[in-house]
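Enquirer: Per our numbering, the first sequence starts with residue 49, numbered consecutively. We treat Cβ as the ideally placed atom computed from N, Cα and C, and that holds for glycine. Given the structure is predicted, the values throughout are model-derived calculations rather than measurements. Okay, here's the structure, questions in a sec.
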Amino acid sequence: MWEEEKRDDGVKWQQLEHHGPYFAPPYERLPDHVHFYYNGKPMKLSLATEEIATFYAKMLDHEYTTKDIFQNNFFNDWIKEMTPEERKKIRELGKCNFEEIHTYFAEKHEAQKALPKEEKQKLKEEAEKIQEKYGYCIIDGHREKIGNFKTEPPGLFRGRGNHPKMGMLKKRVMPEDVIINCSKDSAIPQPPPGHKWKEVRCDNTVTWLASWTENIQGALKYVMLNPSSKLKGEKDWQKYEVARCLKGVVSKIRSQYRADWKSKDMKIRQRSVALYFIDKLALRAGNEKEEGETADTVGCCSLRVEHISLHPHLDGKENVVEFDFLGKDSIRYYNKVPVEKQVFKNLQLFMKKKNPGDDLFDWLSTSSLNKHLQDLMDGLTAKVFRTYNASITLQEQLEALTNEDDSVPAKLLSYNRANRAVAILCNHQRATPKTFEKSMQNLQAKIDAKKDQLAEAKAELKRVKADHKAKKDVKSKTAVEKKKKMVEKIEEQLAKLNMHATDKEENKQIALGTSKLNYLDPRISVAWCKKFGVPIEKIYNKTQREKFAWAIAMADEDFEF
DNA sequence: TGGCTGACTTGACAGGATCTTC
DNA sequence: GAAGATCCTGTCAAGTCAGCCA
Numbered sequence: 049m050w051e052e053e054k055r056d057d058g059v060k061w062q063q064l065e066h067h068g069p070y071f072a073p074p075y076e077r078l079p080d081h082v083h084f085y086y087n088g089k090p091m092k093l094s095l096a097t098e099e100i101a102t103f104y105a106k107m108l109d110h111e112y113t114t115k116d117i118f119q120n121n122f123f124n125d126w127i128k129e130m131t132p133e134e135r136k137k138i139r140e141l142g143k144c145n146f147e148e149i150h151t152y153f154a155e156k157h158e159a160q161k162a163l164p165k166e167e168k169q170k171l172k173e174e175a176e177k178i179q180e181k182y183g184y185c186i187i188d189g190h191r192e193k194i195g196n197f198k199t200e201p202p203g204l205f206r207g208r209g210n211h212p213k214m215g216m217l218k219k220r221v222m223p224e225d226v227i228i229n230c231s232k233d234s235a236i237p238q239p240p241p242g243h244k245w246k247e248v249r250c251d252n253t254v255t256w257l258a259s260w261t262e263n264i265q266g267a268l269k270y271v272m273l274n275p276s277s278k279l280k281g282e283k284d285w286q287k288y289e290v291a292r293c294l295k296g297v298v299s300k301i302r303s304q305y306r307a308d309w310k311s312k313d314m315k316i317r318q319r320s321v322a323l324y325f326i327d328k329l330a331l332r333a334g335n336e337k338e339e340g341e342t343a344d345t346v347g348c349c350s351l352r353v354e355h356i357s358l359h360p361h362l363d364g365k366e367n368v369v370e371f372d373f374l375g376k377d378s379i380r381y382y383n384k385v386p387v388e389k390q391v392f393k394n395l396q397l398f399m400k401k402k403n404p405g406d407d408l409f410d411w412l413s414t415s416s417l418n419k420h421l422q423d424l425m426d427g428l429t430a431k432v433f434r435t436y437n438a439s440i441t442l443q444e445q446l447e448a449l450t451n452e453d454d455s456v457p458a459k460l461l462s463y464n465r466a467n468r469a470v471a472i473l474c475n476h477q478r479a480t481p482k483t484f485e486k487s488m489q490n491l492q493a494k495i496d497a498k499k500d501q502l503a504e505a506k507a508e509l510k511r512v513k514a515d516h517k518a519k520k521d522v523k524s525k526t527a528v529e530k531k532k533k534m535v536e537k538i539e540e541q542l543a544k545l546n547m548h549a550t551d552k553e554e555n556k557q558i559a560l561g562t563s564k565l566n567y568l569d570p571r572i573s574v575a576w577c578k579k580f581g582v583p584i585e586k587i588y589n590k591t592q593r594e595k596f597a598w599a600i601a602m603a604d605e606d607f608e609f
């Protein structure tokens with residue numbers, strides 16, 4: 049299935065057949081006993097107004113609803129959907145009371161959870177039926193799983209960070225909004241009764257099955273295949289092959305950008321410093337963004353003067369650059385990095401006579417950078433450096449950390465540490481889990497108990513040894529052997545618990561999943577598992593094994609990235 | 001060259017499913 | 001078998017980058 053040949057990029061498929069997206073269920077009216085109150089008085093709302101009110105009510109215990117921008121955006125959009133009478137009456141969000149609606153949904157949710165087993169099973173079966181019909185497509189004779197076959201339900205927009213559009217109304221997607229993509233000779237999906245599609249087309253140069261434009265940002269949304277599909281797998285493989293190509297030319301590229309640090313051309317000089325950051329720190333490219341339309345986040349090319357501070361000396365190191373900015377998803381990037389003298393001098397030059405809000409690399413854009421990279425290597429773009437550096441780091445760390453004689457849990461700790469090094473490089477963070485402190489305490493209690501158990505077992509061993517010394521018979525000898533084994537077993541368990549605790553503590557605020565799924569060539573992990581006798585299931589769960597089926601089939605223990 | 005659009009990947013997180021513990 | 005912890009999966013926002021057009 050994964051023969052070593054690449055698909056022609058222009059043509060993606062010959063046959064594509066599916067049932068179209070599955071639409072979010074229609075809104076159901078609130079029961080009569082659940083009220084919305086305005087200015088302390090119950091008020092019956094029209095269908096549309098009520099539906100939007102429920103979106104807000106459901107989010108009442110979320111931090112979003114405490115934010116002014118969210119409240120204002122919500123209220124503005126809500127008013128637009130009201131009847132003229134409602135609009136006349138409802139003037140202030142502060143006078144709206146959604147509590148009863150909120151409680152109603154909370155109780156409904158609890159009731160759903162408390163449903164008897166049989167009821168739950170019934171619901172599960174219904175969901176499976178839907179999945180069976182809408183969740184798969186036929187592409188070039190293969191039945192493949194679809195990634196997201198449901199349209200996004202209406203609700204309030206949840207932008208990340210300080211998003212200026214948070215709280216706006218995300219409208220219901222209707223069949224009339226949806227473009228269907230399928231092959232000409234296939235059975236065209238049926239729109240829901242009484243509706244029609246916006247368009248049905250056959251474009252085999254793209255991989256999506258259906259698309260629509262969302263109303264908040266005017267962006268396109270797509271129904272696409274699941275990562276386990278052959279099409280996605282091939283693309284994934286290609287991505288890592290490009291990154292492996294970079295391995296062959298990276299030292300040449302590095303020499304060149306170092307030379308360019310002294311270029312007389314400002315464009316080249318800025319480009320060379322930016323590329324150095326992208327390579328060394330695995331920064332994202334940093335496309336320009338429309339001001340006021342999204343949260344204020346940056347990447348390398350869009351860094352502003354205010355995002356870095358220069359320290360000739362800091363913590364005993366020279367030429368330190370302190371980065372502090374919000375990156376993708378408004379995740380903070382904070383790092384103090386010693387750099388080469390020439391880079392430091394260049395940064396001083398780039399910052400000269402600029403205001404904090406000015407672009408650091410004012411002569412550089414992501415497209416000019418990528419054009420340059422394309423000239424250096426076919427298929428090379430800024431993000432390839434991230435993939436390359438992530439994968440090579442994993443490989444190097446695994447090499448350095450794995451001890452052949454270690455137990456499987458110890459090897460897994462090494463693997464996680466290697467994975468963690470990558471996640472730190474790529475700045476993949478997560479919020480500390482809510483239950484972290486408590487579960488850490490529980491784990492510590494277990495460790496303490498195990499220690500006691502070990503001490504007891506050791507004392508016991510000492511006793512039977514003395515007994516054997518005195519008696520010197522077979523029975524007492526067997527007892528000694530038995531106790532010895534017991535002590536070993538407990539020691540092993542204790543070591544395992546300790547490793548688990550270390551792993552957990554080190555992982556407190558770091559997300560491993562993103563790098564594992566998107567940046568680490570899975571063949572490195574497969575090879576490592578084969579080489580060190582670690583079952584692949586310990587590294588990849590079922591879904592991940594499906595996504596990386598190509599790598600599992602392809603890589604042997606000698607694979608080198 | 002730069003703005004815009006479309007296609008696709010990357011990313012954090014919520015909540016459901018499953019496992020573990022008592 | 002209930003409760004709690006952990007894992008897994010889906011969701012959907014937010015990036016990257018190529019190609020088109022003026």
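Return the Cβ separation of Leu502 and Ala466 in integer angstroms, given the expectation that the two are a contact with Cβ distance under 8 Å.
Expert: Not really, about 30 Å apart at Cβ, beyond 8 Å.
Enquirer: Which residues mark the beginning and the end of the alpha helix (DSSP H) in which Pro457 is found?
Expert: Its alpha helix (DSSP H) spans residues Val456 to Leu473.
Enquirer: Consult DSSP for Arg135 and reduce its assignment to one of helix, strand or coil.
Expert: It is helical.
Enquirer: With respect to the beta strand (DSSP E) encompassing Trp260, which residues constitute its N-terminal and C-terminal limits?
Expert: Ala258 to Thr261 is the extent of the beta strand (DSSP E) around Trp260.
Enquirer: Look at the alpha carbon of Glu282 and the alpha carbon of Tyr288, and state the distance between them as a whole number of angstroms.
Expert: Glu282 and Tyr288: Cα-Cα distance of roughly 10 Å.
Enquirer: Let me check understanding here. Comparing Cα to Cα, which of Asn475, Gln396 and Lys552 lies closest to Asn490?
Expert: The option with the nearest alpha carbon to Asn490 is Lys552.
Enquirer: At what residues does the alpha helix (DSSP H) containing Tyr288 begin and finish?
Expert: Counting along the chain, the alpha helix (DSSP H) containing Tyr288 begins and ends at Lys278 to Asp308.
Enquirer: What number of angstroms, rounded off, separates the C-alpha of Lys376 from the C-alpha of Ser350?
Expert: The alpha-carbon atoms of Lys376 and Ser350 are separated by roughly 12 Å.
Enquirer: Can we say the region 170-180 touches the region 119-131, given the rule of at least three CB pairs closer than 8 Å?
Expert: Not touching, per the Cβ criterion.
Enquirer: So, does the region 587-602 touch the region 272-279, judging by three or more C-beta pairs under 8 Å?
Expert: Yes: the two stretches touch, three or more of their Cβ pairs being nearer than 8 Å.
Enquirer: According to DSSP, what are the bridge partners of Met91?
Expert: Phe84, per the DSSP bridge assignment.
Enquirer: Taking DSSP's pairing of strands, which residues face Ser357 in a bridge?
Expert: Per DSSP, Glu370.
Enquirer: Does DSSP put His190 in a helix, a strand or coil?
Expert: If DSSP states are grouped into helix, strand and coil, His190 belongs with the strands.
Enquirer: Taking just the CA atoms, how far does Ile117 sit from Lys213?
Expert: Their backbone Cα atoms lie some 8 Å apart in a straight line.
Enquirer: Would you kindly work out how many angstroms separate the C-alpha atoms of Glu147 and Arg206, rounded to a whole number?
Expert: One C-alpha to the other measures close to 21 Å.
Enquirer: May I ask which residues mark the beginning and end of the beta strand (DSSP E) holding Pro386?
Expert: Counting along the chain, the beta strand (DSSP E) containing Pro386 begins and ends at Arg380 to Pro386.
Enquirer: Just grab the DSSP bridge partners of Cys577 for me.
Expert: For Cys577, which the question treats as bridged, DSSP gives no partner whatsoever.
Enquirer: Closer than 6 Å by C-beta to Gly334: which residues in its own chain qualify, once you throw out the five before and the five after it? Chain order, please.
Expert: The residues are Val346, Gly347, Cys348, Cys349 and Ser350.
Enquirer: So, at 6 Å on beta carbons, what are the nonlocal neighbours of His243 in its own chain, with the 5 sequence-adjacent residues on each side left out?
Expert: The answer, listed in chain order, is Pro223.
Enquirer: Given a cut-off of 8 Å on the beta-carbon distance, is the pair Gly215 and Leu374 in contact?
Expert: No, these two residues do not count as a Cβ contact at 8 Å.
Enquirer: Flag this pair as yes or no: are the beta carbons of Lys513 and Val528 separated by less than 8 Å?
Expert: Yes, the Cβ-Cβ distance between Lys513 and Val528 is below 8 Å.
Enquirer: Just grab the DSSP bridge partners of Gln477 for me.
Expert: The partner list for Gln477 (beta bridge, DSSP) reads Ile558.
Enquirer: Enumerate in chain order the residues of its own chain whose CB-to-CB distance from Glu539 is below 7 Å, with the five nearest sequence positions on each side excluded.
Expert: So the list reads Leu502, once near-sequence residues are dropped.
Enquirer: Taking 7 Å as the limit between beta carbons, can you name the residues of its chain near Tyr381, skipping five residues before and five after?
Expert: Correct list, in chain order: Phe371, Phe373, Gly375 and Asn475.
Enquirer: If you reduce the DSSP assignment to three classes, tell me which class Glu341 lands in.
Expert: Coil at Glu341, not helix or strand.
Enquirer: Taking Tyr305 as the reference, which of Ser320, Ala448, Glu452 and Thr102 has the closest Cα?
Expert: Tyr305 has its Cα closest to that of Ser320, out of Ser320, Ala448, Glu452 and Thr102.
Enquirer: Is Asn87 buried or exposed, if buried means 16 or more other CB atoms sit within 10 Å of its CB?
Expert: Exposed, by the Cβ-count rule.
Enquirer: So what does DSSP say about Asp116, is it helix, strand or coil?
Expert: Of the three classes helix, strand and coil, the one that applies to Asp116 here is helix, per DSSP.
Enquirer: For Leu149 and Asn196, what's the separation of their Cα atoms in angstroms?
Expert: The residue you asked about is not Leu; residue 149 is Ile in the sequence shown. Using only the alpha carbons, I get a separation of about 30 Å.
Enquirer: Just to confirm before moving on: does the CB-CB distance between Asn464 and Ile495 stay below 8 Å?
Expert: Cβ atoms of Asn464 and Ile495: not closer than 8 Å.
Enquirer: Taking three-plus beta-carbon pairs below 8 Å as touching, is the region 410-426 in contact with the region 386-397?
Expert: Segments in contact, no.
Enquirer: Whole angstroms are fine: how far does the CA of Gln286 sit from the CA of Asp56?
Expert: Low per-residue confidence applies at Asp56: pLDDT is 48, beneath 50, and the placement is therefore not dependable, though the value from the model is reported in the following sentence. The alpha-carbon atoms of Asp56 and Gln286 are separated by roughly 12 Å.
Enquirer: Thinking just about the alpha-carbon of each residue, which of Leu78, Pro74, Gly340 and Ser462 is nearest to the one in Tyr152?
Expert: Checking every option, the nearest Cα to that of Tyr152 belongs to Leu78.
Enquirer: Who are Ile228's beta bridge partners in DSSP?
Expert: Ile228 pairs with Val248 and Ala258.
Enquirer: If you reduce the DSSP assignment to three classes, tell me which class Lys128 lands in.
Expert: DSSP places Lys128 in helix when its eight states are reduced to three.
Enquirer: Would you decide whether Cys250 is buried or exposed? Buried here means 16 or more other CB atoms lie within 10 Å of its CB.
Expert: Exposed: under 16 other Cβ atoms inside 10 Å.
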